[in-house]
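This report refers to the structure that appears directly beneath it.
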Amino acid sequence: MLLQRVKACNYKGVAVCFHDPEVARAVEPQLRELEDSFHLRIAIRYEVEARTRSELLRMLRRRERHWVVAVTPRGLEAARVAARDRRVDIITIEPFSEFIDETEVRMAAEHSKVFEVSLSHLLSGYDHLASALPALRKRVLRAAKRSLVLVSSRAYDPLQVRNPRDLAAFSTLLGLNREQALDAVSRIPESILATKLGNLGA
Amino acid sequence: MRRKRRYLAVRILHEQPLPATAIINTLRDLIARLFGSVTLSEARILPLHAVPDQSIVVIGCDAQYYDLVRGTLSLIHELEGQRVGIDVVKASGTIRGLRRLLREKPWLIDPKQYIPIRKAVLAPALP
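Chain order of the listed sequences is A and B.
Residues 278 to 479 in my numbering are what the first sequence lists, from first letter to last.
Residues 51 to 177 in my numbering are what the second sequence lists, from first letter to last.
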């Protein structure tokens with residue numbers, strides 16, 4: 278269902294999230310089959326949530342080279358390590374994350390990390406939106422000054438998937454200009470997928 | 051000087067019948083809440099028509115506020131207590147242009163299918 282909706286929205290590629298590397302390894306052959314049947318490029322996205330340096334490094338050791346590694350820092354130490362570690366591709370920005378400060382953005386920019394904003398963070402009730410949107414905007418503006426920002430649906434069910442143009446329009450609410458907004462849903466994720474699926478020989 | 055408009059055809063994915071006015075009310079409420087009532091009045095949200103069978107609603111807005119309206123539409127995830135998905139399927143600078151786009155595949159909407167939003171109850175549409 279989810280992939281059908283993604284395909285209907287005219288996406289060319291998608292990253293499927295896994296928190297457990299063993300599950301990702303087990304499911305990978307099926308994903309390759311789906312890739313052929315849906316004519317979509319499917320990458321595995323390894324979601325890492327860590328508070329400390331040791332916790333993050335332990336989790337990163339379990340990844341595969343061709344997976345997209347996205348880190349949601351839950352502590353300052355993990356945030357700083359994520360910004361430096363070459364195995365990390367994406368650092369997730371959450372509306373009230375305390376760790377996306379100037380230092381984090383500078384370090385991430387020096388190590389070519391991409392920041393990611395997900396629409397699903399804002400799809401949990403309208404009362405929450407009025408405070409979450411300005412908070413997210415503040416962090417995105419800070420990140421966009423030096424680094425690249427990508428925007429995703431991060432959908433867990435088909436109703437949360439938005440088409441790329443809608444996501445680009447949403448990006449403009451976060452303070453990105455039109456060009457940055459279009460890159461955030463096209464060029465930046467495409468280049469990450471190309472790099473990672475290139476490692477797989479796809 | 052006359053201000054330009056943009057017209058959007060919005061498809062609502064939902065499981066139970068839904069009055070078409072719900073999306074207009076929620077959109078207005080969200081814009082007012084997130085950007086203020088001045089922005090809401092300047093965005094000139096205009097409810098136009100609905101195609102209940104295909105769960106499509108046609109909305110007009112000020113061209114300068116097109117991204118803001120479309121971005122806010124993408125934040126809508128619940129209407130009248132039911133979870134929904136929102137898709138802007140077409141956008142145009144004229145109503146005639148939008149209707150022309152919607153006459154083509156996959157929509158194939160006949161002009162007779164358009165009814166005023168206030169009277170429309172949208173049929174369930176699943177992703």
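In this text, a Cβ means the ideal position worked out from N, Cα and C, and glycines have one as well.
Predicted, not measured: the structure shown is a model, and the values here were computed from it.
Using 10 angstroms around the beta-carbon of Phe373(A), count the other beta-carbons present and answer buried if the total reaches 16, otherwise exposed. exposed
Can you check whether the C-beta of Leu63(B) is within less than 7 Å of a C-beta belonging to chain A? Chain A contact via Cβ: present.
Residues near Leu279(A) in its chain [Cβ-Cβ closer than 6 Å; skip 5 each side]: Pro435
Nearest-angstrom Cα distance between Leu96(B) and Thr369(A)? 36 Å
Of the choices Thr89(B), Met51(B), Val119(B), Asp103(B), whose alpha-carbon is the least far from that of Arg442(A)? Looking at the Cα atoms, Val119(B) is the closest of the given residues.
Please state whether DSSP places Ile71(B) in a helix, a strand or coil. For the sequence presented, residue 71(B) should be read as Thr rather than Ile. In the structure shown, Thr71(B) sits in a helix (DSSP, three-state: H, G or I).
Cβ-based contacts, 9 Å cut-off: residues of the segment 94–121 of chain B near chain A: Tyr116, Asp117, Leu118, Val119, Arg120, Gly121
Taking just the CA atoms, how far does Arg342(A) sit from Val300(A)? Each residue's alpha carbon lies about 16 Å from the other.
Between Ile319(A) and Leu308(A), what straight-line distance do the alpha-carbon atoms span, to the nearest angstrom? 7 Å
For Lys169(B), I'd like the list of residues in its chain whose CB is within less than 6 Å of its CB, leaving aside the five on either flank, ordered along the chain. Excluding residues up to 5 positions away in sequence, nothing lies with its Cβ nearer than 6 Å to the Cβ of Lys169(B) in the same chain.
What's the gap between the Cα of Arg53(B) and the Cα of Asp112(B)? 7 Å
Under 7 Å, Cβ to Cβ, is there at least one residue of chain A near Val138(B)? yes
Short of 6 Å in beta carbon distance, which residues of its chain neighbour His296(A), apart from the five on each side in sequence? Order them along the chain. Non-local beta-carbon contacts of His296(A) in its own chain, meaning distances under 6 Å to residues more than five positions away in sequence, involve Glu324 in chain order.
Below 7 Å between beta carbons: does that hold for Asp366(A) and Val382(A)? no
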